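In this note's numbering, the protein residues as written are 12 to 357.
Even glycine gets a Cβ: it sits at the ideal position worked out from N, Cα and C.
Source: prediction; values computed, not measured.
The structure under discussion appears below in the form of structure tokens.
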């Protein structure tokens, strides 16, 4: 009898399965994922930071009463999550009123080591955050939101990511190695989301930054005015509001730290370190049942890199729904450490 086929890689599983949380026995408000996180956009054995954010947002949401919607989550990445271990989330109640709920969340990983022949368990906290929830107000005094920095065509007029990048290859602008590098490094999102690339966006023109030497149509703009944008919608059906929020946290994090590289003709080989240090996620709509966040609908995402200096960069990612309503934004500071200068020989 032939051996059974290997289990599917976690990155190929539906999003609700990848981000399924199970309560940890005898540990109040503590949850564990059933699968380890996967990497994306990082050549090292480091998980995509969106997993940690998604787990934090979902775990916090599981501890609040029904009808409370996440409107803010602020936190710090304390260290990278590895792709070898599952993620755990510990949630503490800081506030619970009839209107507001505040939770402190730690996302961590545990593993076993042997010291002197005895097995010991170690843990490392990857993220700490404070999440704020609020019940829906009965009415709004006024309603408005900012528009994207540039005008973009609707999703129906934009090509798929595969079509855009295949055209770059067919036109001789990129090599097969570049195409494969992008596909391998960023293979996660196409599994979970349907995406349409905005032709004027930088990442549509330079293969998400992989083809760093290619000119792009925003080279004439100052770096802080440059943007990239795409349309997306989740492929999987989500059971509850926690999954919609987790999905938003997952994708809005994507590529903010890479904007400073990809917008300025730089890539991983040009830096000693690039990764997110801290984040501020703000959600401007309620839950799907109230006509709010529905990740199965089309959304426009625009990423900018507004500041670079002191070995760091500051970027933002904004998300709008099809009607043009701002759904959420995330800002981050990221490490952007240059490679040390080579000393000349005397």
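Less than 7 Å between C-beta atoms, sequence neighbours within five positions excluded: which residues of the same chain meet that for residue 309?
Within the same chain, 166, 242, 244, 333 come within 7 Å of residue 309 by CB-CB distance, once the 5 residues on both sides are set aside.
Residue range of the unbroken alpha helix (DSSP H) whose run includes residue 255: 252-263
#### Entry: Reference residue 320, options 338, 235, 138, closest by Cα
Nearest C-alpha to residue 320: 235.
> So, is residue 106 buried or exposed, given that buried needs 16 or more other C-beta atoms within 10 angstroms?
Replying inline: exposed
- Query: So residue 32 is in the beta strand (DSSP E); what residue range does that whole segment cover?
  - Reply: 32-34
Who are residue 314's beta bridge partners in DSSP? 239, 328
* Euclidean distance between Cα positions of residue 280 and residue 108 -> 50 Å
query = Under 7 Å, do residue 97 and residue 44 count as touching if we go by C-beta distance?
reply = yes
Next item on the list: Quick one: residues in its chain with C-beta nearer than 6 Å to the C-beta of residue 37, no 5 flanking neighbours on either side, listed in chain order?
Entry: none
In the DSSP output, what is residue 349 paired with across the bridge? 282
### Message
If distances are taken between C-alpha atoms only, which option among 154, 177, 132 comes closest to residue 120?
### Response
132
Open item on the list: Would you call the segment 210-218 in contact with the segment 171-189, where contact means no fewer than 3 C-beta pairs closer than 8 Å?
Closed with: Output reads yes: the segment 171-189 touches the segment 210-218.
If I follow the unbroken beta strand (DSSP E) through residue 143, where does it start and stop?
Unbroken beta strand (DSSP E) run through residue 143: 129-146.
- request: Reducing DSSP to helix, strand and coil, say where residue 180 ends up.
  value: For residue 180, the secondary structure class from DSSP, reduced to helix, strand or coil, is helix.
Of the residues 250, 126, 274, 337, the one placed nearest residue 224, counting alpha carbons only = 274
Candidates 259, 170, 303: which alpha carbon is nearest residue 246's? Per the Cα distances, 259.
inquiry  = If you follow the beta strand (DSSP E) that residue 85 is in, where does it begin and where does it stop?
reply    = 79-88
| said: Can you look up residue 122 in the DSSP assignment and give me helix, strand or coil? | reply: strand
- prompt: Quick one, which of 47, 150, 93, 28 has its alpha-carbon nearest residue 301's?
  reply: With distances taken between CA atoms, residue 301 lies nearest to 150 out of 47, 150, 93, 28.
Exercise. Are the beta-carbon atoms of residue 316 and residue 271 separated by less than 7 Å?
Worked result: yes
With respect to the beta strand (DSSP E) encompassing residue 105, which residues constitute its N-terminal and C-terminal limits? 99-107
Requested in this report: With DSSP as the reference, label residue 174 as helix, strand or coil.
Outcome: helix
Next on the checklist: With H, G and I counted as helix, E and B as strand and the rest as coil, what does DSSP make of residue 232?
Outcome noted: coil
Next on the checklist: Among 304, 94, 88, 31, whose alpha-carbon lies nearest the alpha-carbon of residue 49?
Outcome noted: Per the Cα distances, 94.
Between residue 326 and residue 268, how many whole angstroms is the CB-CB distance? I'm expecting something under 8 Å. 7 Å
Where does residue 335 fall in DSSP's three states? Note: residue 335 maps to coil in three-state DSSP.
Among 176, 346, 290, nearest to residue 328 - alpha-carbon criterion: 290
- residue 23 classed as buried or exposed, judged by whether at least 16 other C-beta atoms fall within 10 angstroms: exposed
Per-residue DSSP class, three states only, for residue 17: Because the pLDDT of residue 17 is 46, which lies under 50, any placement of that residue in the model is unreliable, and the question is left without a value.
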